[in-house]
Each structure stands twice: as structure tokens, then as C-alpha cells.
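Q:
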Amino acid sequence: MKALVYHGPGRHSWQDVPDPQLIDPDDAIVRVDAVTICGTDLHILKGDVPAVTPGRVLGHEAVGTVQQVGAGVRNIAVGDRVLVSCISPCGRCSYCRTGSYGQCRNGGGWILGHLVDGTHAQYVRAPFADNSLYKLPAEVTDEAALMLADILPTSYEVGVLNGRVRPGDTVAVVGAGPIGLAAIMTAQLFSPARIIAIDLATSRLEAAKRLGADVTMLSSDDPVAAVNELTDGLGAHVAIEAVGVPETFELCTRLVRPAGRVANIGVHGKAATLHLEDLWIKDVTITTGLVDAYSTPTLLTMLASGQLDTTALVTHRFGIDEMLEGYDVFAQAAATGALKVALFRT
Ligand SMILES: [Zn+2]
Ligand SMILES: [Zn+2]
């Protein structure tokens, strides 16, 4: 089969590799029908994730059709149309037993396209298939479901739920890429008074507005002063960090009001400064997290009922054999205007 293989920093190719085989009784083999590319995949290509070694097939988000299941798989059968989640929980370790699936200590968690071969291929081996695959209802399209492999649960759990968005809140979302946009979408489930989107790029702020942001502002326009002006000088109840650079995290700690919450979603590669000299007296809660994907069943129900609509997130579509082009378009999002890039089996 063909797959996107990482060959070390800056080098990758779409090439022939052996078809995946069942290894453990909990495995399933899935034919990949649709995939999307994540900002994390770009970090890996740059060499920012040293746990990913040369020869690894990348990708941790997909929708596909089950081709084979191991002897231990109970809930998934050959022919099922499934979502392949970015989190593969063992279901048995102490973290999985309490729902912290992303922290699995038994060979699970975020492993696809990281520690084992991933989804940017024609077929993928899905470990812990009973826990990592979700049967899809007929009314949910491949493209819509794809947004639930990673970005929707990540933004909802690590941003909105960790940030405890409540009715009447002012929510500031810093970063209006796919993760920030998914936070804007799912924050609305809790009826905040207003959602403020902050970004460097006007095009992304327009997308934020379409997806439900009430107010948008450029990061260059002194967002702290503007948010204070909107909130009687208090600041945001919840500031959600959806970029992953020191400046945006530090901005969130300045946007938040006393007794407010800062929910960090961004993947950080550099140290940020925590200004405890200002924050110690403010009763501020700061949370971090890797997605656990415990919300995936809930999000799927909302997608099937029409309560969530993910269609506006996908801006570019390719055939799966155009993988390299898809990566290029996504990597140059500032120039191409790409949000999520989806690739489909041809
Ligand atoms: Zn991802
Ligand atoms: Zn586990």
C-alpha cells in the first residue's frame, strides 16, 4: 500500500510500504476512506516530536471501513464504518479506569502516527480497537466525522470543559485556527454571553465570525484593553489558548479576570513565563491537557442530531494519493487560507 512516511526532520514521502497486519488480539485493520492533517503532524515533520522516529507512517485522524479484527475484539466487526480516534486507550490501566485515556500507561493513548504507524496510508492497524474505533451512524458523513477524530474533542475537553465555560460568561479564544474555531463552536453549547476571537489574520477572524464568535479582534490591536472595555474592566471569565507559543499563553493570563480560568490547548515547544507576581492574588485557575476523547460519543450524538455542524471547518479536499499536496496546502495555511484539509480514498 501507499503511505506518508517520515524520514527525519524536513523529509517525508508518499511511498510503498507493507500492508499492516494484525499483531495483538485487540487490533483491527481499517481501510482508510478519509483522513485529515493536524498541526501536530507539521510539528513532527519539523523534528519537534523526537519520539517519532524515521520510517514512521504519520497521521492520527481518520474515517474508514473495518477489514479484519483480532480474536479479542468484541464491539467492532468487519464491514463497520468507523471513526479512528487520535486516542487509543488500553481501557485497563489506572488512568484509563478513571477516564484519563490520553495518559494511558499500558501502550495506549496518543500512539497513532507517533509511536506506531498512523492513518496517512491506505490501511491502518488500530490497536485497542474496541476503545479507539467508533461505529458511525449513517446520517454522519465521512467528512463531518473526521473532525471528531481530534480537533472537536480536543477543543471541547481541553478548552471548553477544562475552562468551565458557563452561561453568561465572556470567553476569549486566542488563536482562530482549526482548534480555536472548534473551541468557538463548542463553547456555544454553554450559552456564554459573548465569545471573543483573537488572531493575527483577518481571514481567520472572518471564519471565527461565521462559526459563532460575537466579537473579533486582531492581536495587534491591544486585545487586553479591548476585552477590559467590554467587561467593565474585569476581563474574560475564560481565556482559551489555541496557538502554543509563549506570547499567546501570556496574553491569556492577562485577558482573564480575577477568579477566571485559563485553559491551555496549544502544543508548546518553548518555555512561557508565568507572571505569578501578578497572578498570585487573582484566584486564577490554569489548566493544561492532552485530549482524552471521553467526549467523542457525546459529540457524535450531537453531530448526528444536527446540534453540531462541522462542515465549515474543511476548506480543501484532495484524493488520498495527493497526500504531499495536502500537506503543502495545510503547511502554507497563511497563504492558502486552509483550515482543515481532508483527503479521500480514490
Ligand atoms: Zn492532532
Ligand atoms: Zn490505559
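For the sequence shown, the numbering used here assigns the number 2 to the initial residue and increments by one for each residue that follows.
Even glycine gets a Cβ: it sits at the ideal position worked out from N, Cα and C.
Using a Cβ-Cβ cutoff of less than 7 Å, which residues in the same chain neighbour residue 350 once the five nearest sequence positions on both sides are dropped?
A: Summary: the structure shown does not reach residue 350, with the chain confined to residues 2 through 347, and so no result is reported for it.
Q: Please tell me whether residue 343 and residue 144 are closer than 8 Å, where the distance is taken between their beta carbons.
A: Yes, these two residues count as a Cβ contact at 8 Å.
Q: Identify, in the order they occur along the chain, each residue of the same chain with its Cβ nearer than 6 Å to the Cβ of residue 220, setting aside the five sequence neighbours on each side.
A: Closer than 6 Å at Cβ, skipping near neighbours: 199, 201.
Q: Listed by chain order, which residues have C-beta atoms less than 5 Å from any heavy atom of ligand 1?
A: So the residues near ligand 1 by this Cβ test are 39, 41, 151.
Q: If we count the other Cβ atoms within 10 Å of its Cβ and call it buried at 16 or more, is residue 126 buried or exposed?
A: Classification for residue 126: buried.
Q: Within the present structure, is the beta-carbon of residue 100 separated from the nearest heavy atom of ligand 2 by less than 7 Å?
A: No; taking the cut-off as 7 Å, the Cβ of residue 100 has no heavy atom of ligand 2 nearer than that.
Q: DSSP beta-bridge partners for residue 15?
A: Beta-bridge pairing links residue 15 to 5.
Q: Pull up the CB-CB distance for residue 107 and residue 91, whole angstroms please, since I reckon it's below 8 Å.
A: Contact flag correct, Cβ pair sits at about 4 Å.
Q: Give the straight-line distance between the Cα atoms of residue 332 and residue 43, rounded to the nearest whole angstrom.
A: Each residue's Cα considered, the two are about 7 Å apart.
Q: Whether or not the region 222 to 238 and the region 156 to 173 are in contact is what I'm after, with contact meaning three or more pairs of Cβ atoms, one per stretch, closer than 8 Å; do they touch?
A: Touching, yes, given that three or more Cβ pairs across the two stretches are closer than 8 Å.
Q: Please report the straight-line C-alpha distance between residue 306 and residue 297, rounded to a whole angstrom.
A: Taking the straight line from one Cα to the other gives about 14 Å.
Q: For ligand 2, is there a heavy atom less than 7 Å away from the beta-carbon of residue 48?
A: No - ligand 2 has no heavy atom lying nearer than 7 Å to the Cβ of residue 48.
Q: What I want to know is whether the C-beta of residue 105 ends up closer than 7 Å to one or more non-hydrogen atoms of ligand 2.
A: Checking every heavy atom of ligand 2 against the Cβ of residue 105, one is found closer than 7 Å.
Q: Check each candidate in 248, 292, 177 and name the one with the smallest Cα separation from residue 274.
A: The shortest Cα separation from residue 274 among 248, 292, 177 belongs to 248.
Q: Label residue 111 either buried or exposed according to how many other C-beta atoms from any shown protein chain fall within 10 Å of its C-beta, with 16 as the threshold for buried.
A: The residue in question, residue 111, is buried, as its Cβ has 16 or more Cβ neighbours within 10 Å.
Q: Around the C-beta of residue 100, are 16 or more other C-beta atoms found within 10 angstroms, so that it is buried, or is it exposed?
A: When all chains shown are included, residue 100 counts as exposed.
Q: Enumerate, from N- to C-terminal direction, the unbroken beta strand (DSSP E) stretches of 3 or more residues contained entirely within the region 76 to 130.
A: Runs of the beta strand (DSSP E) inside the region 76 to 130: 82 to 85, 124 to 127.
Q: Quick check on residue 138 - is its C-beta less than 8 Å from some C-beta in chain B?
A: Here there is only one protein chain, and chain B is not present.
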